[in-house]
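J.: My questions all concern the structure below.
Protein chains: 2
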Amino acid sequence: MKKTNPSMLDVARFAGVSIATVSNVINRPEKVSEATAEQVRAAIAELGFVRNDAARSLATGTTSSIGMVLADLDNSLFVDMAHGAQRGVDAVGLRLLLGNAACDLTRQDDYLRLFDEARVGGVLLSPMEDSLAGIERMRSHGRPMVLLNYDQDGIDCCTVLVDNEEVGYLAARHLIETGRKRIGFVAGRDYYQPVHARRVGVQRAVREAGGARLEEIDTGGLDFEDGLAVARALGERPPGQRPDGIVAVTDDIANGIAEGLHTAFVAEVPGDISIVGCEDNRSARSGPVALTAVQLEGVRMGQAAAELLLEEMNAPAGEHRHRTVTVRPGLVVRASTAVAPLGV
Amino acid sequence: MKKTNPSMLDVARFAGVSIATVSNVINRPEKVSEATAEQVRAAIAELGFVRNDAARSLATGTTSSIGMVLADLDNSLFVDMAHGAQRGVDAVGLRLLLGNAACDLTRQDDYLRLFDEARVGGVLLSPMEDSLAGIERMRSHGRPMVLLNYDQDGIDCCTVLVDNEEVGYLAARHLIETGRKRIGFVAGRDYYQPVHARRVGVQRAVREAGGARLEEIDTGGLDFEDGLAVARALGERPPGQRPDGIVAVTDDIANGIAEGLHTAFVAEVPGDISIVGCEDNRSARSGPVALTAVQLEGVRMGQAAAELLLEEMNAPAGEHRHRTVTVRPGLVVRASTAVAPLGV
DNA sequence: CTGAAAGCGCTTACAG
DNA sequence: CTGAAAGCGCTTACAG
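Protein sequence lines correspond, in order, to chains A and X.
Sequential numbering from 1 applies to the first sequence in UniProt numbering.
Sequential numbering from 1 applies to the second sequence in UniProt numbering.
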């Protein structure tokens, strides 16, 4: 039967004490005699009392939760961020509430509003495209908020970024260091800021290296299928005209290329062509070989974001200055890259 | 600067109306003249007013959120469940708040308590081992709750289950139908209920088929490494003594076996040995070939759970009867299984 | 159509 | 150590 939960008043009556005493045994037990406390605890247990957090929050003006809105839980980067954030807020006894926007801007805004209305202590947001309106709304309400992976001008927030130029740089340099000479950078249009930054990093690595050449290959999108298409196109070129090392701007593209090359017997990976992905996304559709990739360090990003948020939450009014933390990516070498065969 | 958010009273004063009128333009605009409403809306915008949900919830005794506690977001099954629940809950305009237990029973209990105190409309829980205490506590508080993937006796809750016997059955039957004769079932101890059920299903499929034989291979655990170990052990047997079709109780084990067989050149997958996984977990550590697997239909489980929860939430007091919904698994054929070569 | 007032269930000085 | 009472910010009959 759906009973309405007992209140503190019920507990107080049951234990034969005042409501203030009940509150005290819950919140400041040191102010209550052990005998009374025991009676109150018995009453709580007997009645199955659960503190009404709405009332508590209203009375104190505080909450012990912080909200996190994730762009897409199907991408392991965001799951990692949640882990990191969890770690960061656990340390101070706060609870992390997750909302999955699932690539839907309306839903993202709904969660933002929800957390705003719930007066959470702060919010962590990995924004999707075109999130400025929502971000500014939150900002104007004065709620502490830190952004993950959103590199835009004029954002008045603490932010955790990955150095995407470094991502591209590490990927390309790895290929060059393993003897690859004809580097291909495969990406969709530079509409996304990270795509552009990675491109710049690749260009820099090639330029610095001297001996290598760079070909930039444009795909329509960023998915596995786009990678397949690239593999097909490569298959129509004579082997000598193909890159011998490819940086794919997403893991999905990388795996698509590997798959395409493999099933059509176009080339061996990594023998003929090494491939590096740019995300290390465990949720990516997998290809025929384990992918070497630059990892974005989502856990560290989430943790850094949580720390920035706590800083902002704890700063005396007007004292807080926004900061940007940049997390350095790292390379994870797996089977899709290898030292170039001699004499190629 | 951290300003304290304006209240309805502030808005009322600013607009020169009463607080009840402000509440009305927000909640029942039809009761307010357009002119007044306009003024109030202007005041709301000007002041950046955000309704305090704690106060609303306290006054109305309702919430528009439901809580979901997931055992482990690193496993795509739970992410799928969240998607499904989202879908089910969206349909009626409720919000889904996620808590990731991340395989930590204490954290699971914390989230349960949090949702209980927040008086959410109901909770969805994919319990970890040994969750009975927490479950019963919630139950005794009368909060609507439905369980996912928790098949235990004496649980007084609506539940969504996958038919794990069918999982094993489908996996084994697929192998047999593709001409495999020596079926291996690789699993850890039957400590977990699903492991046991899958085993029973495999046994039934083999029994029904007649011509095939079953070998049950025990691993210590359920991970990739356990699969590797199995592959090593298989490598030490003469080829004719090995299974030609393997059902692995987890995708991780399956991929570990495939990897082990592949790197040690023990056998070809699927040529010599077909392998089927039992979860279709996108987050599983991947092996050298795309894994054929039985999929658990997490999305459908989540959606079914949401529907059961809504049913319970909307039932008149005392009218609700708990139900169990069983979601049928399905087979996804990929590259790790194939028709047996002739004459083997 | 609009407002005064009670009440939701807590917390927190303040007396005693 | 314990209790009476005000107050947190809303919603909702009820008058007017």
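Ideal Cβ positions, reconstructed from N, Cα and C, are used throughout, including at glycine.
(1) At 7 Å on the CB atoms, spell out the chain A contacts of X/Ala50, in chain order.
(2) Find out if the Cβ-Cβ distance for the pair X/Leu170, X/Leu291 is shorter than 8 Å.
(3) Quick one: grab the DSSP three-state call for A/Asn100.
(4) Can you check whether the C-beta of A/Asp53 is within less than 8 Å of a C-beta belonging to chain X?
(5) Thinking just about the alpha-carbon of each residue, which of X/Ala12, X/Ser336 and X/Asp251 is nearest to the one in X/Arg51?
(6) With which residues is A/Asp218 paired in a DSSP beta bridge?
(7) Are the C-beta atoms of X/Asp74 and some chain A residue less than 8 Å apart?
(8) CB-CB under 6 Å to A/Ala205, same chain, minus the five flanking residues each way: which ones, in chain order?
(9) Using 8 Å as the Cβ pair cut-off and three pairs as the minimum, do the stretch 126-133 of chain X and the stretch 19-36 of chain A touch?
(10) Rounded to the nearest angstrom, what separates X/Arg198 and X/Glu279 at their Cα positions?
(11) So, for A/Leu98: in the same chain, excluding its five sequence neighbours on each side, which residues have a beta-carbon less than 7 Å away from its beta-carbon?
(12) Quick one, are the C-beta atoms of X/Gly308 and X/Val160 less than 8 Å apart?
(13) Starting from A/Gly245 and walking both ways along the beta strand (DSSP E), at which residues does that stretch end?
(14) Is the CB of X/Ala306 under 8 Å away from at least one CB in chain A?
(15) Could you compute how far the alpha carbon of X/Glu312 sits from the alpha carbon of X/His322?
(16) With DSSP as the reference, label A/Thr36 as helix, strand or coil.
(17) Could you list the residues in the stretch 315-335 of chain X with a C-beta less than 7 Å from some C-beta on chain A, going in chain order?
(18) When burial is assigned at 16 or more other CB atoms within 10 Å of the CB, is X/Gly122 buried or exposed?
(19) Spell out a yes or no on whether the stretch 238-255 of chain X and the stretch 174-193 of chain X are touching, meaning 3 or more CB-CB pairs, one atom from each, closer than 8 Å.
(20) Roughly how many angstroms lie between the CA atoms of X/Gly179 and X/Pro329, to the nearest whole one?
(21) For X/Leu147, count the other beta carbons within 10 Å of its own beta carbon; 16 or more makes it buried, fewer makes it exposed. Which is it?
(22) DSSP has X/Ile275 in a bridge; who is on the other side?
(23) Just tell me which of A/Ala340, A/Val339, A/Gly260 and A/Val289 has its CA closest to the CA of A/Val230.
(24) Would you report the Cα separation of X/Val316 and X/Leu310, rounded to the nearest angstrom?
(25) Where X/Val344 and X/Arg232 are concerned, what is the direct C-alpha to C-alpha distance, given to the nearest angstrom?
(26) Could you check which residue in X/Ala306, X/Arg56, X/Val202 and X/Leu47 has the C-alpha nearest to that of X/Asn27?
(27) According to DSSP, is A/Ile257 part of a helix, a strand, or is it coil?
(28) Looking only at C-alpha atoms, which of A/Val202, A/Gly211 and A/Glu208 sits nearest to A/Ile217?
(29) Buried or exposed: where does X/Leu9 fall if 16 or more other Cβ atoms within 10 Å of its Cβ makes it buried?
(30) Mind checking the UniProt domain "HTH lacI-type" (6-60) of chain X against chain A and listing, in chain order, the residues whose C-beta falls within less than 7 Å of any C-beta there?
(31) Per DSSP, what kind of secondary structure is X/Gln203 in: helix, strand or coil?
(32) What is the DSSP secondary structure of A/Tyr330, reduced to helix, strand or coil?
(33) Name the chain X residues whose beta carbon is nearer than 9 Å to that of A/Asn100?
(34) What distance in whole Å lies between the Cβ atoms of A/Ala254 and A/Ile275, which are believed to be in contact at a cut-off of 8 Å?
(35) Flag this pair as touching only if the stretch 42-50 of chain A and the stretch 79-93 of chain A have three or more C-beta atom pairs under 8 Å; answer yes or no.
(36) In whole angstroms, what is the alpha-carbon distance linking A/Val327 and X/Gly220?
T.: Reading it off the structure:
(1) Position check: residue 50 of chain X holds Val in this sequence, whereas Ala was assumed. Against chain A, a Cβ distance below 7 Å from X/Val50 picks out Asp116, Glu117 and His141.
(2) Their beta carbons are not under 8 Å apart, which means X/Leu170 does not touch X/Leu291 by this criterion.
(3) In the structure shown, A/Asn100 adopts extended strand secondary structure according to DSSP, grouped into three states.
(4) Interface residue, yes.
(5) X/Ala12 is the residue among X/Ala12, X/Ser336 and X/Asp251 whose C-alpha sits nearest the C-alpha of X/Arg51.
(6) Paired residues: A/Ala187.
(7) With 8 Å as the cut-off, X/Asp74 counts as an interface residue toward chain A.
(8) Exclusion of the five residues before and after A/Ala205 leaves Tyr169, Ala172 and Arg173 as the residues of its chain whose Cβ lies within less than 6 Å of its Cβ.
(9) No, they do not touch.
(10) One C-alpha to the other measures close to 11 Å.
(11) Result list for A/Leu98: Met68, Leu70 and Ala82, in chain order.
(12) Strictly speaking, residue 308 of chain X in this sequence is Leu, with Gly absent from that position. Contact annotation: X/Leu308 and X/Val160 have beta-carbon atoms nearer than 8 Å.
(13) Looking at the DSSP string, the run of the beta strand (DSSP E) that includes A/Gly245 is Gly245 to Ala248.
(14) False, the Cβ-Cβ gap to chain A never drops below 8 Å.
(15) Going by the C-alpha atoms only, they are around 8 Å apart.
(16) Three-state DSSP puts A/Thr36 in a helix.
(17) Going along the stretch 315-335 of chain X in chain order, one finds Ala317 and Gly318 with a Cβ nearer than 7 Å to chain A.
(18) Its Cβ being crowded by 16 or more others within 10 Å, X/Gly122 is buried.
(19) Yes, the stretch 238-255 of chain X is in contact with the stretch 174-193 of chain X.
(20) Taken atom to atom, the span from the alpha-carbon of X/Gly179 to that of X/Pro329 is near 22 Å.
(21) The residue is buried, with at least 16 neighbouring Cβ atoms inside 10 Å.
(22) Paired residue(s): X/Ile246.
(23) Ranking A/Ala340, A/Val339, A/Gly260 and A/Val289 by Cα distance to A/Val230 puts A/Gly260 first.
(24) Contrary to the premise, residue 316 of chain X reads as Pro rather than Val in this sequence. One C-alpha to the other measures close to 12 Å.
(25) A caution first: X/Val344 carries a pLDDT of 46, below 50, which makes its placement in the model unreliable, though a value can still be read off. Looking at the backbone, the Cα of X/Val344 and that of X/Arg232 are separated by about 22 Å.
(26) Here the closest residue by C-alpha is X/Arg56.
(27) In the three-state reduction of the DSSP assignment, A/Ile257 falls in the helix class, which pools H, G and I.
(28) Nearest option by C-alpha distance: A/Val202.
(29) It is exposed - the Cβ of X/Leu9 has fewer than 16 other Cβ atoms within 10 Å.
(30) If the cut-off is 7 Å between Cβ atoms, the UniProt domain "HTH lacI-type" (6-60) of chain X has Gly48, Val50, Arg51, Asn52, Asp53, Ala54, Ala55, Ser57 and Leu58 near chain A.
(31) The answer is helix: DSSP assigns X/Gln203 an H, G or I state.
(32) For clarity, residue 330 of chain A is Gly in the given sequence; the question names Tyr instead. Correct three-state label for A/Gly330: strand.
(33) Here the neighbours are Val79, Ala82, His83, Gln86, Leu96 and Leu98.
(34) Between A/Ala254 and A/Ile275 the Cβ distance is about 5 Å, and since that is below 8 Å, they are a contact.
(35) The answer is no - the stretch 79-93 of chain A does not touch the stretch 42-50 of chain A, with fewer than three Cβ pairs under 8 Å.
(36) When rounded, the distance between both Cα atoms is 38 Å.
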